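Notes follow once the structure below has been shown.
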Amino acid sequence: MLKDFKDFSRSIHNKCRFDNVMEREGKELSLQTAENDKSKQIPGNQRRKKHTQMKILHTSDWHLGHTLYNYDRTEEQQAMLEQMVGIVDSEKPDVFLLSGDVYHTSQPSANAQTMLSEALVRIHTACPEMTIVMTAGNHDSPSKHEIFRTPWRTLNVYAIGQLEKEDMDNHIVEVPGKGYVVAVPYASEHNLPDGFFQQLLDRVAEQNEEGLPVVLSAHTSVRGCDFTGHDHATELTVGGIDAMDLARMGEGYDYLALGHIHHEQFVHSGKHNVRYSGTPIPVSFDENYPHSISMVTIDRHGDTPKVEKIEIENPRPLVTLPTEGFATWDEAKELLADFPADIPAYIRLNVEVEGFLQAGAVSEAEKLTDGKRCRFCFINAKRKNDTTSEAKTMTVQEFKSEEPIEIAKDIAAQKGVPFDDEMTAMFNEALMKVDEETRNQ
Ligand SMILES: [Mn+2]
Numbered sequence: 013m014l015k016d017f018k019d020f021s022r023s024i025h026n027k028c029r030f031d032n033v034m035e036r037e038g039k040e041l042s043l044q045t046a047e048n049d050k051s052k053q054i055p056g057n058q059r060r061k062k063h064t065q066m067k068i069l070h071t072s073d074w075h076l077g078h079t080l081y082n083y084d085r086t087e088e089q090q091a092m093l094e095q096m097v098g099i100v101d102s103e104k105p106d107v108f109l110l111s112g113d114v115y116h117t118s119q120p121s122a123n124a125q126t127m128l129s130e131a132l133v134r135i136h137t138a139c140p141e142m143t144i145v146m147t148a149g150n151h152d153s154p155s156k157h158e159i160f161r162t163p164w165r166t167l168n169v170y171a172i173g174q175l176e177k178e179d180m181d182n183h184i185v186e187v188p189g190k191g192y193v194v195a196v197p198y199a200s201e202h203n204l205p206d207g208f209f210q211q212l213l214d215r216v217a218e219q220n221e222e223g224l225p226v227v228l229s230a231h232t233s234v235r236g237c238d239f240t241g242h243d244h245a246t247e248l249t250v251g252g253i254d255a256m257d258l259a260r261m262g263e264g265y266d267y268l269a270l271g272h273i274h275h276e277q278f279v280h281s282g283k284h285n286v287r288y289s290g291t292p293i294p295v296s297f298d299e300n301y302p303h304s305i306s307m308v309t310i311d312r313h314g315d316t317p318k319v320e321k322i323e324i325e326n327p328r329p330l331v332t333l334p335t336e337g338f339a340t341w342d343e344a345k346e347l348l349a350d351f352p353a354d355i356p357a358y359i360r361l362n363v364e365v366e367g368f369l370q371a372g373a374v375s376e377a378e379k380l381t382d383g384k385r386c387r388f389c390f391i392n393a394k395r396k397n398d399t400t401s402e403a404k405t406m407t408v409q410e411f412k413s414e415e416p417i418e419i420a421k422d423i424a425a426q427k428g429v430p431f432d433d434e435m436t437a438m439f440n441e442a443l444m445k446v447d448e449e450t451r452n453q
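First residue of the sequence shown? That's 13 in the working numbering, and the numbers climb one at a time after it.
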């Protein structure tokens, strides 16, 4: 386990692990590892590929500014950004694609905004000829996302936050001599004109005389994907967004780079070219799987992309005790007492209770972590023999970290009110108005 953050940062360049999704082309592309023979390293400019292939670093859902049970996560987010810079530096992609949810809230703090702008400068400097495309997700403010659009262009950054139905070319980014990125930010299905994606792809097809690779980026959930890590998700909606049929995304792209679902995965399309990159660091305790970015290489328009994952390490892992199932309160206390003092983790306790959790349980748990580097977050209490739900009493912290729409849905369910598509649309609209008003204050 990593001793401290500095050690961690130092270890990044040595410890990036690879998990090949498909066979990697040319081992010389590997990040330097301590074991690698230095003499075999190929300088950056020669590492660039043969012919016209386009190489895309696909990531999404950074959620900068996210706090976990009121704990500040700047250190982890900085460590993640540091790894992004390292990967760009070694891999020299043609495109850096961030498919939405740059920030966790539509009103990011000064700290979160500083973090992003400094990271963009460093990512750009690591590979100045690379095109950076960054779209807004449902967590971002579409208009704020574009505030620095003009100065960022000097760093080769395209910030696309709002849906431009009239000026569609705003969504098309040409990567000279390499290919095209069609970048669509999050938009509710009701705001998305029919055939919007196809119109964009058709426009690109007209321009693309050389048969260069075409990448489409969107922030939404699509039907048939795996929702692991998302509370309250159903086949039809995740985080209040209706799942879209893949057919609505049109035809003519070589790779569909998706954001919104936090678990990295290919979505079944029959072509192995539709993918969620997933979060680079976990946003919730349920995201208990490895996190990564996707490195995508496309040779020519019409070819199947080669995809490889590069893992991102979190210096402060999110740990649930027990690791599987639920423990009694006494067992949970023992697990917490035994948790190693030098591991800087976040801790959630899964506890099965008869009736109610005893008063003072939280402060008792907090006391057990005194003098340890871990941060106690909360007790996820489940009633014994309660098969109806995992309904839990929410603390103020939990309430604050929950999506408003999920709270509304829970209340609606308790009151027996159906929460259908129309209700979802109305709620999202009301939420946007509130957001707008708060923003204008
Ligand atoms: Mn997200």
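Here a beta-carbon is modelled for each residue, glycine too, at the ideal position from N, C-alpha and C.
Since the structure is predicted, the reported quantities are computational estimates derived from the model, not experimental observations.
Look at which beta carbons fall closer than 5 Å to any heavy atom of ligand 1; those residues are D73, D113. Distance between D354 and R385, taken at the CA atoms: about 6 Å.
Burial state of P120 is buried, judged by a 10 Å Cβ sphere holding 16 or more other Cβ atoms. Nearest to H242 by C-alpha distance, out of N300, Q210, R287, is N300. L69 and S306 have their alpha carbons spaced roughly 6 Å apart. The C-beta distance from S229 to V279 rounds to 14 Å, too long to fall under 8 Å, and the pair is not in contact.
DSSP places H275 outside any beta strand (DSSP E), giving it a letter other than H or E. For A269, the closest C-alpha among the options L167, T64, Q65, T71 is that of T71. Comparing C-alpha distances from N397 to each of G367, G372, N326 shows the shortest one belongs to G367. Counting C-beta pairs with one atom in each stretch, the stretch 70-85 and the stretch 102-114 have three or more that are closer than 8 Å, which means they touch. As far as DSSP is concerned, E263 takes part in no beta bridge. Runs of the beta strand (DSSP E) spanning 3 or more residues and lying entirely within the stretch 145-181 occur at 169-172, in chain order. Under the three-state reduction of DSSP, A357 is assigned to coil, being neither helix nor strand.
Separation of the CB atoms of L93 and A131 is rounded to 4 Å, and the pair is thereby assigned contact status at 8 Å. Y301 has no beta-bridge partner at all, per DSSP. The three-state reading of DSSP puts N123 in helix, counting H, G and I together. Shortest Cα-Cα distance from T316 to any of T291, V286, E323, D342 involves V286.
In terms of Cβ geometry, P225 and Y288 do not form a close pair [threshold 9 Å].
Beta-bridge annotation (DSSP): T436 is not paired with any residue. Put simply, of C237, E186, G207 the residue whose alpha carbon is nearest the alpha carbon of Q219 is E186. Distances from the alpha-carbon of R165 to those of E141, M180, D152 put E141 closest. Assignment of T232 by DSSP, reduced to helix, strand and coil, places it in the coil class.
Assigned with DSSP and collapsed to three states, R328 falls in coil, not helix or strand. For N220, the three-state secondary structure derived from DSSP is coil. Rounded to whole angstroms, D298 and E336 show a C-alpha spacing of 12 Å. DSSP places A371 outside both helix and strand once states are collapsed to three, so it counts as coil. Under the DSSP assignment, M92 falls outside any beta strand (DSSP E), being part of the alpha helix (DSSP H) whose first and last residues are 86-103. With fewer than 16 other Cβ atoms from the protein chains shown falling within 10 Å of its own Cβ, M438 counts as exposed. Burial check for H202: the Cβ neighbour count within 10 Å stays below 16, so the residue is exposed. When secondary structure is reduced to three states using DSSP, K394 falls in the strand class.
Counting other Cβ atoms within 10 Å of its Cβ, I310 reaches 16 or more and is therefore classed as buried. A distance of 9 Å or more separates the beta carbons of I359 and V319. Rounded to the nearest whole angstrom, the C-alpha separation of H284 and E346 is 46 Å. Between E176 and S304, the alpha-carbon positions lie close to 31 Å from each other. Taking all protein chains in view, the Cβ of T232 is crowded by 16 or more other Cβ atoms within 10 Å, so the residue is classified as buried.
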